[in-house]
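Chemist: In our numbering, the protein residues as written are -17 to 90. All C-beta atoms in this analysis are idealised placements derived from N, C-alpha and C, irrespective of residue type, glycine included.
1. Does any residue of chain D bring its CB to less than 7 Å from the CB of residue -14?
2. Would you kindly report the start and end of the unbroken beta strand (DSSP E) that includes residue 36?
3. Considering only DSSP beta bridges, list what residue 28 is partnered with.
4. Return the CA-CA distance between residue 35 and residue 41, expressed in angstroms with no decimal places.
5. Label residue 1 either buried or exposed according to how many other C-beta atoms from any shown protein chain fall within 10 Å of its C-beta, with 16 as the threshold for buried.
6. What span of residues does the alpha helix (DSSP H) with residue 14 cover, start to end?
7. Do you know offhand how far residue 32's Cα is from residue 62's?
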C-alpha cells in the first residue's frame, strides 16, 4: 500500500504514534532495515520559505544524511518532505536501469 505523506502521518497518529525521526547513524540503519526495499516517509519537513528542515513537532535537525545532490526540487517538484529508499521503490516498480531514481532519493 502506497500512502501519501499526509496519509502516513494520519495512520501513525491513529496508532498513537508518529512518523520516525532519526538522530544518529545507528537509528538511520535501524530504520533502513525496517523499511527494507520499501519507500518510507520520515517525520521531517522543510520550514516554509526557507532552506531549513525540522522534525515534525518543531525539533531542529541535528543529524542528516542526504543522498548526493539532495534536497534539490528535482523535476520542478518541491521537496518539502523526506523519504527513505525512494530509489529502491522506483527500481522495484519500473525495473532496473532507472537513472533518475537515485537522484530522486531524499535520504539514503
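Modeler: Taking the geometry as given:
1. Among the protein chains of the structure shown there is no chain D, as only one such chain exists.
2. By one-based count along the chain shown, residue 36 stands at place 54. For residue 36, the enclosing beta strand (DSSP E) stretches over residues 35 to 37.
3. Working through the chain shown from its first residue, we reach residue 28 at position 46. For residue 28, the pairing in a beta bridge is given by DSSP as 35.
4. As a position in the chain shown, residue 35 is number 53, starting the count at 1. As a position in the chain shown, residue 41 is number 59, starting the count at 1. Residue 35 and residue 41: Cα-Cα distance of roughly 9 Å.
5. Translated into the one-based positions of the chain shown, residue 1 becomes position 19. Using a 10 angstroms sphere on the CB of residue 1, the tally of other CB atoms reaches 16 or more, which defines it as buried.
6. Here residue 14 corresponds to residue number 32 of the chain shown, with the count starting at 1. Where residue 14 is concerned, the enclosing alpha helix (DSSP H) stretches over 7 to 17.
7. Locating residue 32 in the chain shown gives position 50, where the first residue counts as 1. Locating residue 62 in the chain shown gives position 80, where the first residue counts as 1. Rounded to whole angstroms, residue 32 to residue 62 spans 10 Å at the Cα level.
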